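The structure under discussion appears below in the form of structure tokens.
Protein chains: 2
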Amino acid sequence: MKLIEGGVTAPAGFLASAGKGGLRKSGKSDIALILSKRVCNAAAVFTSSRLKAAPVVVTASLISAGKGKLNGAVINSGNANALTGRRGLRDAKKMGAHAAKLLDVPAGRMAVFSTGVIGQFLPMNKVYAGIESAVSALSESLSAGSKAAEAIMTTDRVRKEVAVEQMLADGRRIRIGGMTKGSGMIAPEMKGLHATTLTFITTDAPVSGSYLQKCLDRYAEDTFNMVSVDGDQSTNDSVLVLSNGSAGGPSVRNDPMFEEAFGYVMRQLSIMLAMDGEGATKLLTVEVNGARNAQQAKLAARAVVKSNLVKCAVFGGDPNVGRIAMALGSSGCDIDFSKLDVSIGENRKCPVISSGIVTDKGRKAASMMKKREVKFTIDLHKGKGSAVALGCDLSYGYVRINSAYTT
Amino acid sequence: MKLIEGGVTAPAGFLASAGKGGLRKSGKSDIALILSKRVCNAAAVFTSSRLKAAPVVVTASLISAGKGKLNGAVINSGNANALTGRRGLRDAKKMGAHAAKLLDVPAGRMAVFSTGVIGQFLPMNKVYAGIESAVSALSESLSAGSKAAEAIMTTDRVRKEVAVEQMLADGRRIRIGGMTKGSGMIAPEMKGLHATTLTFITTDAPVSGSYLQKCLDRYAEDTFNMVSVDGDQSTNDSVLVLSNGSAGGPSVRNDPMFEEAFGYVMRQLSIMLAMDGEGATKLLTVEVNGARNAQQAKLAARAVVKSNLVKCAVFGGDPNVGRIAMALGSSGCDIDFSKLDVSIGENRKCPVISSGIVTDKGRKAASMMKKREVKFTIDLHKGKGSAVALGCDLSYGYVRINSAYTT
Chain A
2 MKLIEGGVTA PAGFLASAGK GGLRKSGKSD IALILSKRVC NAAAVFTSSR
52 LKAAPVVVTA SLISAGKGKL NGAVINSGNA NALTGRRGLR DAKKMGAHAA
102 KLLDVPAGRM AVFSTGVIGQ FLPMNKVYAG IESAVSALSE SLSAGSKAAE
152 AIMTTDRVRK EVAVEQMLAD GRRIRIGGMT KGSGMIAPEM KGLHATTLTF
202 ITTDAPVSGS YLQKCLDRYA EDTFNMVSVD GDQSTNDSVL VLSNGSAGGP
252 SVRNDPMFEE AFGYVMRQLS IMLAMDGEGA TKLLTVEVNG ARNAQQAKLA
302 ARAVVKSNLV KCAVFGGDPN VGRIAMALGS SGCDIDFSKL DVSIGENRKC
352 PVISSGIVTD KGRKAASMMK KREVKFTIDL HKGKGSAVAL GCDLSYGYVR
402 INSAYTT
Chain B
2 MKLIEGGVTA PAGFLASAGK GGLRKSGKSD IALILSKRVC NAAAVFTSSR
52 LKAAPVVVTA SLISAGKGKL NGAVINSGNA NALTGRRGLR DAKKMGAHAA
102 KLLDVPAGRM AVFSTGVIGQ FLPMNKVYAG IESAVSALSE SLSAGSKAAE
152 AIMTTDRVRK EVAVEQMLAD GRRIRIGGMT KGSGMIAPEM KGLHATTLTF
202 ITTDAPVSGS YLQKCLDRYA EDTFNMVSVD GDQSTNDSVL VLSNGSAGGP
252 SVRNDPMFEE AFGYVMRQLS IMLAMDGEGA TKLLTVEVNG ARNAQQAKLA
302 ARAVVKSNLV KCAVFGGDPN VGRIAMALGS SGCDIDFSKL DVSIGENRKC
352 PVISSGIVTD KGRKAASMMK KREVKFTIDL HKGKGSAVAL GCDLSYGYVR
402 INSAYTT
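Right, here's the structure in full:
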């Protein structure tokens, strides 16, 4: 597998662009388009929140009505089109229909996504203007993909895209590209189909919708669903995967090479999300080993990565390691604390809790806590369950960003 | 019912004091004693965390071994004696035994509590010295109760005590007093016996242990268990209730006047906790009405009060009311969002969401969000379930306090 330049336009046959309709106060681009001239097989996961934004409802029904066939997606930032009732549903449909018409693809083949403030109606004239400017900018270039990745940003500091080239088991070369956005309101819930943040993955490999969905479900569990920035779950969380088959050849199925590349793209995008958490100054990785099973390990890893007290300690570079045990205590994971081992750093470099007793909270532990990337390795010695959760620290910046957002 | 001065020493026959052993870096008092010469009936609830601090384990077993008979409690601040293995259990027992010996009460009649940093052994010489100074200061005065309330503080800004006098159904006058501490690491879990923070309630009414426990379980659900400061559950959470019967007369049972007074004391203490949340600048009250049942209403109210994004909006006085709906969406409560009504202020003063549509996020809503006490009233129109949750905003102060705590 080879890491290559670009994002959603790296695979053959995909175009992208950004447009500006005036939805964002900053005056930045606010409409993104992804388009494949060839019809794509699609798979998607959405938020499990009971409050689903209008575009989530519309896109989910569109994918199932169209039996998973799409030509692309139109995305706006600056407004979530959530908590907008029936008018919101109508607006989401109009947004997709307008894009489809201008792009000359069948109605119902453009998926719709929104991100931004909750509880405001979409200013449709601005949306239309943005779509029009995006349509005229569509291109297969890598920079067009990057511009699309910038247009979906809200409080994100950096655009997030990744692409790989992989040789399949049969020798074909295929590409997978992706882009994601999301900074706050990030904490998926572990039930049924769902996801976190807005993520778009394209591939020129010919893949059936059902195999795409299988891959997506499998890797979402271990990547996006293990990221937490602030414990809040969005109304708009979505991941969309599009396969246009431009690489040619027979349909890919149960190919470990494809899955390796697909999983890599999802993992990289989820790490980018965690690193760009609102106000984040550090990436926090929590690895749990030796839980009774994988599900238990996930409970434990997620509880630590979500704890405000742990996150503050990471921000301050303070080796207050008792808080790790505190978070484990109410995680719901079955733990014998007399066997608990915790280390900070790669390869268990600095052990801080051994057999349930704090052994180091001195200078070495403090220096490990002060790094830009902080990793906790937690060994429970109960079984073979492992999991990794990703998050970030809780800083003044998080409070600043979120105490003055709409105003 | 009459609100009176004082705390745990307001009821007849209770003494209290503070001592200083050098456990707190600030040099403040760090040992508190509560004592009744007459043996008390006791009831208690403890954290449901799997990581229970040594004093929680020791006191729970002491209460059940002694069939709920206690003379008092010895409490230290500055060190949680949690994650301290067998040595921690021995230390907790020694702490209680030392107090019992000096006070000349039977061994096993002094409950033990600790609060402070996790993962450090108790410095027993300092603990002993503190107990000795506290024993010599014991007094029935109201100021002695206040000093005890100060000695149990950690990051608390104010001492928290309350006392009431109530006339029972049979005309007897009894008193109930209480003190509590807790500022961060506050978010109880709604399962089985448990509580949050350290709370001590005394009464001179003669009450059986089982009736005390019934009252405690009932009111803990609606008071302490509905408070959230930061979503983290402590290893040391405890509520202890002591009845010494000094008011005389037959044992109180199923007396609505007693329960009214008991519930009032618990509610006031829980409000004080929320108001003194770490870094809190505002009290947040979330009232949910019209849920399918009370349990569903609690899920909804707790989700809103716990959301970091809602808490940041409250801190900033920003009427970003869509976040309230976002938090409800993933609360687990069954909600028809097309019927959702939300208001800010007392008596639904400023409606902001009506039938699922944001109706006001302008100047009036902003002015309501800028008050010291912010209240959201959420009407779900599904059934008759109601609940009230208490919390506070998430400020720079919270991050400051918790990013530099042990160091």
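Chains as they are written, first to last, in the working numbering: chain A, 2 to 408; chain B, 2 to 408.
Glycine is no exception: its CB is placed at the ideal position from the N, C-alpha and C atoms.
A quick note: this is a predicted structure, and the numbers were derived from the prediction, not measured.
Give the DSSP-derived three-state secondary structure of residue i in the structure shown.
i, result
"residue 313(A)", "helix"
"residue 341(B)", "coil"
"residue 182(B)", "strand"
"residue 198(B)", "coil"
"residue 274(B)", "helix"
"residue 351(A)", "strand"
"residue 11(A)", "coil"
"residue 243(B)", "strand"
"residue 5(A)", "strand"
"residue 191(B)", "Low confidence applies here, because residue 191(B) scores a pLDDT of 33, under 50, leaving its location unreliable; read the following figure in that light. Residue 191(B): coil per DSSP, three-state reduction."
"residue 23(B)", "coil"
"residue 322(A)", "coil"
"residue 387(B)", "strand"
"residue 152(A)", "helix"
"residue 379(A)", "strand"
"residue 132(B)", "helix"
"residue 176(A)", "strand"
"residue 331(A)", "coil"
Below 7 Å on C-beta distance, what does residue i contact in chain A?
i, result
"residue 60(B)", "The premise fails here: residue 60(B) is roughly 17 Å from chain A at the closest Cβ pair, so nothing lies under 7 Å."
"residue 287(B)", "Simply none; closest approach about 15 Å."
"residue 313(B)", "400, 403, 404"
"residue 50(B)", "330, 331"
At what residues does the alpha helix (DSSP H) containing residue i begin and finish?
i, result
"residue 401(B)", "397-404"
"residue 119(B)", "First-last for residue 119(B): undefined, no H or E at that position."
"residue 216(A)", "210-223"
"residue 305(A)", "295-307"
With a threshold of 8 Å on Cβ separation, who are the neighbours of residue i within its own chain once the five nearest residues in sequence on each side are excluded?
i, result
"residue 1(A)", "Since the first and last residues shown for chain A are 2 and 408, residue 1(A) lies out of range."
"residue 157(B)", "182, 183, 184, 277"
"residue 236(A)", "48, 50, 52, 53, 54, 57, 81, 83, 84, 119"
"residue 133(B)", "20, 103"
"residue 339(B)", "356, 357"
Would you mind working out which of the options sits nearest residue i, comparing C-alpha positions?
i, options, result
"residue 13(B)", "178(B), 2(B), 24(B), 86(B)", "178(B)"
"residue 276(B)", "358(B), 294(B), 183(B), 332(B)", "183(B)"
"residue 280(B)", "56(B), 319(B), 402(B), 309(B)", "402(B)"
"residue 374(A)", "387(A), 351(A), 347(A)", "347(A)"
"residue 93(B)", "168(B), 121(B), 68(B)", "121(B)"
"residue 109(A)", "328(A), 75(A), 127(A)", "75(A)"
"residue 154(A)", "90(A), 360(A), 5(A), 115(A)", "115(A)"
"residue 383(B)", "133(B), 97(B), 293(B), 106(B)", "293(B)"
"residue 37(B)", "95(B), 173(B), 202(B)", "202(B)"
"residue 273(A)", "140(A), 162(A), 150(A), 135(A)", "162(A)"
"residue 126(A)", "104(A), 99(A), 106(A), 147(A)", "99(A)"
"residue 313(B)", "332(A), 365(A), 398(A)", "398(A)"
What residues of chain B sit near residue i, judged by a beta carbon separation below 9 Å?
i, result
"residue 2(A)", "Neighbours of residue 2(A) on chain B: none; closest Cβ ~35 Å, over 9 Å."
"residue 396(A)", "400, 404"
Would you mind reading off the limits of the beta strand (DSSP E) that contains residue i?
i, result
"residue 1(A)", "Residue numbering for chain A in the displayed model covers 2 to 408; residue 1(A) lies beyond these limits and cannot be assessed."
"residue 56(A)", "From DSSP, residue 56(A) is part of no beta strand (DSSP E) but of the alpha helix (DSSP H) over 55-66."
"residue 78(A)", "70-80"
Listing by chain order, which chain A residues have their CB less than 9 Å from the CB of residue i?
i, result
"residue 316(B)", "400, 403, 404"
"residue 83(B)", "323, 326, 327, 330"
Taking 6 Å as the limit between beta carbons, can you name the residues of its chain near residue i, skipping five residues before and five after?
i, result
"residue 3(A)", "166"
"residue 282(A)", "394, 396"
"residue 170(B)", "256, 258"
"residue 176(B)", "11, 12, 166, 205"
"residue 145(B)", "10, 17, 18"
"residue 192(B)", "Confidence at residue 192(B) is low in this model, with a pLDDT of 34, below 50, so its placement is unreliable and the value that follows should be read with caution. Hits under 6 Å: 49."
Could you work out which residues of chain B lie near residue i, taking near to mean beta carbons separated by less than 7 Å?
i, result
"residue 339(A)", "86"
At a CB-CB cut-off below 8 Å, which residues of chain B make contact with residue i?
i, result
"residue 357(A)", "84, 86"
"residue 118(A)", "321, 323"
"residue 378(A)", "Result: empty, since nearest Cβ-Cβ is about 17 Å, beyond 8 Å."
"residue 1(A)", "Examination of residue 1(A) is not possible in this model, given that chain A is present from 2 through 408 alone."
Does the Cβ of residue i lie closer than 6 Å to at least one heavy atom of the ligand ATP?
i, result
"residue 125(A)", "Within the structure as shown, the ligand ATP is missing, as the structure has no ligands at all."
Between residue i and the rest of its own chain, which residues show a CB-CB distance below 7 Å, the 5 nearest in sequence each way excluded?
i, result
"residue 297(A)", "334, 335, 386"
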